[in-house]
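**Q**
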Amino acid sequence: MPMSYRYLEDIAIADVAFEAWGKTREELFTSAADALTNVMVEDVKSVRSVEHRDIHVEAGNLERLLFEYLQTIIFYKDAEQLLLRVPRVSITQEDSSLALDAQAMGEKISPNRHGLLADVKAVTLHRFGVKETPEGWKATVVLDI
Amino acid sequence: MTVPSELVEVSPAVWELPVSFKQGMHVPARLYGTRKLVEAFDAGVYEQVTNVATLPGILKYSFCMPDGHWGYGFPIGGVAAFDPDEGVISPGGIGFDINCGMRLVRTGLTVDEVRPDLEKLVNRLFERIPSGVGSTGFVKLKEDEFLTVMEKGSRWCLENGYALPEDLEYTEEKGCMEGADPTKVSHKAVQRGYNQIGTLGSGNHYLELQVARQENIYDPGLAGAFGITVPGQVVVMYHCGSRGFGHQVATDYLHILLDAMEKKYGIHIIDKELSCAPFRSPEGQDYFSAMKCAVNMSFANRQVILHRIREVFSDVFGRSPEDLGIRQVYDVTHNTAKLEEHAVDGVMRQVLIHRKGATRAFGPGMRDIPEEYRDTGQPVIIGGSMETGSYLLAGVESGSQTFYSTAHGSGRTMSRHSAKKIYHARQLIKDMRERGIYVRTSSMKGIAEEAGGAYKDIDEVVAAAEVAGVSRRVARFIPIGNIKG
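Below, the structure is given as structure tokens:
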């Protein structure tokens with residue numbers, strides 16, 4: 002599968018910004034998780050699917066849903082020392098809110114095997130956005146390092 | 002390149018943008034720096050320092066220190082004091098890494114005594130002080146014990162054998178901010194942080210062995226008062242914060258305040274990262290109490306690392322820490338909000354001061370600094386890049402102009418991405434080794450992002466702060482060993 006994210010220069014001098022995309026909202030969310038994990042580890046393919054965690058988040062809009070979802074991946078990195086990828090995501094409308102269910106796959110951080118890069122502190126709201134494009138969906142995210 | 006035409010130098014190294022610069026500014030903005038630094042500020046600095054000036058209840062000026070650069074909401078290097086009754090508290094004025102700070106520890110050893118064991122010492126410190134992505138600390142706590150750390154900070158360390166009484170004396174706030182309330186902190190934040198006490202983190206966090214060469218002592222009297230007395234004396238300087246715990250507290254409240262701000266309090270802001278609430282509101286007070294929990298966790302983090310430093314030195318040199326003269330000079334925080342007493346238009350009053358990437362620099366005679374430093378002013382610890390060196394400064398009387406605040410480091414000028422393109426990790430480590438700096442890192446890739454060339458000229462930064470009259474130079478330290486997260 003071709004890479005469906007790229008890092009943006011000169012948006013955040015001290016930090017990292019990325020753009021991720023997908024044909025559907027679900028694909029976009031899968032790409033965004035890889036973009037996030039790739040900030041912490043050199044090659045996302047080095048993260049094996051040894052353990053899984055179920056992610057469930059709800060939010061009033063798609064942007065907040067993406068925010069909470071990415072924060073959950075950061076949470077597992079600190080709370081359980083897990084690096085995660087999210088192969089499948091499902092997003093459903095529930096009354097006035099959106100619900101996301103996903104199974105994240107990954108493994109414990111291994112400094113010897115994973116080419117570790119920088120720790121991510123948080124997803125910021127700076128330029129944070131999700132939009133529909135002619136090709137599908139695109140998000141811009143700035144991470145605090 | 003991006004200097005606004007309205008910018009005027011009002012006194013040497015102090016520049017002002019008037020309230021007419023942007024609609025809604027309540028006070029002028031004041032930026033500190035030499036012409037060279039001011040011209041090199043990125044456009045975000047001017048944008049953000051003037052955005053801060055629009056926040057309700059801001060007093061006197063919205064400041065940016067000479068190491069300023071673009072941040073979230075406030076610029077890094079941003080300082081702003083608010084009227085506690087009329088003004089706001091904003092997580093964006095404190096930073097995601099609450100109580101990120103610097104600690105300086107002196108030894109009685111000289112560089113000649115350390116050099117033969119330098120690699121062993123650095124390797125041992127690297128093994129014993131965890132760093133890097135998702136690292137967990139050597140202090141194993143249960144979640145309920147962690148609540149005590151939130152309340153007590155370094156006092157918890159003292160009660161549990163990780164501190165000497167004098168360490169607390171030489172820590173800002175004596176290592177504990179009163180009023181921390183763990184019930185205001187989410188369980189998620191606790192889960193992210195309770196296993197991280199005793200870790201450095203990554204990014205620009207580091208621990209360094211440095212040397213005070215005689216030619217780099219600017220003020221021998223002050224240096225002596227801070228315990229820097231021997232030519233070639235070795236010191237340990239480190240930079241770290243509240244880790245995932247503080248990051249989660251900041252993230253949680255960014256949203257809590259954002260949700261309440263407009264709907265409940267009718268505050269309109271220019272940038273979402275300036276999310277805030279009236280200081281006296283329930284949301285504002287909750288954040289202040291939660292922030293103090295992260296402040297205290299961070300003091301405890303730097304304190305247990307000092308404990309490890311003592312153990313390692315003792316181990317490597319076969320002498321007790323006392324015998325090796327290992328004593329804390331001071332510990333400063335550079336990401337906080339605090340209630341302090343300051344003179345505003347000649348009248349002493351309480352203000353809520355935000356310092357984000359800026360250090361408190363109390364002058365001589367002020368309360369809340371250790372007795373021993375009462376006549377000298379507060380020690381201020383400025384971390385440079387891993388290649389170029391760091392500084393010890395002192396607070397001065399004329400610091401009242403910035404509510405006694407000065408710079409915190411050298412400030413980035415190059416993006417991480419660009420730095421990685423220009424610098425190559427292995428070559429950088431080799432070059433540094435040839436210059437007598439031994440480096441260990443948990444991220445070979447990450448180290449290229451921290452090359453000296455990616456940062457501002459620290460000499461220029463501290464000189465500007467001195468010319469402007471917000472701090473004075475005491476000593477410059479040259480690195481000989483470095484641990485990078």
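Protein sequences, first through last, are from chains A and B. Residues in the first sequence are numbered from 2 upward in steps of one, following the working numbering. Residues in the second sequence are numbered from 2 upward in steps of one, following the working numbering. All C-beta atoms in this analysis are idealised placements derived from N, C-alpha and C, irrespective of residue type, glycine included.
#1: Please list, in chain order, the residues of the segment 413-432 of chain B that have any C-beta partner in chain A closer than 8 Å.
#2: Measure from the C-beta of alanine 80/A to each C-beta in chain B and report whether the shortest distance is under 9 Å.
#3: Taking DSSP as the reference, what is the three-state secondary structure of proline 279/B?
#4: With alanine 224/B and isoleucine 218/B assumed to form a contact (beta carbons below 8 Å), what rounded beta-carbon distance in angstroms separates them?
#5: Using only alpha-carbon positions, find the residue among Thr3/B, Ala30/B, Gly34/B, Pro19/B that is nearest to valine 471/B.
#6: Taking a cut of 8 Å between CB atoms, which residues from the segment 278-296 of chain B lie near chain A?
#7: Identify whether isoleucine 383/B lies in helix, strand or coil by the three-state DSSP scheme.
#8: Examine the Cβ distances between the segment 120-129 of chain B and the segment 268-276 of chain B and report whether three or more of them are shorter than 8 Å.
#9: How long is the line joining the alpha carbons of leucine 208/B and glycine 45/B, rounded to whole angstroms?
#10: Quick one: grab the DSSP three-state call for glutamate 81/A.
#11: Taking the beta strand (DSSP E) that threonine 38/A belongs to, which residues open and close that run?
#12: Is DSSP giving histidine 115/A helix, strand or coil here?
#13: Please state whether the Cβ-Cβ distance between serine 203/B and leucine 126/A is less than 9 Å.
#14: Please report the distance separating the alpha-carbon of threonine 25/A from that of alanine 140/A.
#15: Serine 5/A: which of Ala13/A, Ala15/A, Phe30/A sits nearest, CA to CA?
#16: Thinking C-alpha only, which one of Lys189/B, Tyr195/B, Arg303/B is nearest glutamate 173/B?
#17: Nearest chain B C-beta to proline 112/A closer than 9 Å, yes or no?
#18: Which residues bound the beta strand (DSSP E) around leucine 126/B?
#19: Could you tell me whether any Cβ in chain A is nearer than 9 Å to the Cβ of threonine 137/B?
#20: Report the neighbours of leucine 255/B on chain A: residues whose CB is nearer than 9 Å to its CB, in chain order.
#21: Where glutamate 87/B and proline 57/B are concerned, what is the direct C-alpha to C-alpha distance, given to the nearest angstrom?
#22: Do glutamate 312/B and arginine 129/B have their CB atoms nearer than 9 Å?
#23: Round the Cβ separation of alanine 344/B and isoleucine 354/B to the nearest angstrom and send it over; I've been treating them as touching at under 8 Å.
#24: Following the continuous alpha helix (DSSP H) through methionine 262/B, name the residue where it begins and the one where it ends.
#25: Output yes or no for whether 9 Å exceeds the beta carbon distance between valine 89/B and alanine 295/B.
#26: For leucine 56/B, which three-state DSSP category applies?
#27: Tell me which residue opens and which closes the alpha helix (DSSP H) that arginine 49/A is part of.
#28: At which residue ranges does the segment 428-484 of chain B contain complete alpha helix (DSSP H) runs of 4 or more residues, listed in the order of the chain?
**A** A quick look at the data gives this:
#1: Arg413, Thr414, Met415, Ser416, Arg417, His418, Ser419
#2: Taking Cβ atoms only, chain B reaches closer than 9 Å to alanine 80/A, which makes this a yes.
#3: strand
#4: 5 Å
#5: Gly34/B
#6: Here the close residues number zero.
#7: strand
#8: no
#9: 30 Å
#10: Three-state result, glutamate 81/A: coil.
#11: Element bounds for threonine 38/A: not the beta strand (DSSP E) but the alpha helix (DSSP H), 26-41.
#12: coil
#13: Contact annotation: serine 203/B and leucine 126/A have beta-carbon atoms that are not nearer than 9 Å.
#14: Their Cα atoms are separated by approximately 12 Å.
#15: Phe30/A
#16: Arg303/B
#17: yes
#18: First-last for leucine 126/B: 119-129, but that is the alpha helix (DSSP H), not the beta strand (DSSP E).
#19: yes
#20: Ala123, Thr125, Leu126
#21: 7 Å
#22: yes
#23: Taking 8 Å as the upper bound for CB-CB distance, alanine 344/B and isoleucine 354/B are not in contact here, some 13 Å apart.
#24: 244-266
#25: no
#26: coil
#27: Careful: arginine 49/A lies outside any alpha helix (DSSP H) and carries neither H nor E.
#28: 445-449, 459-469
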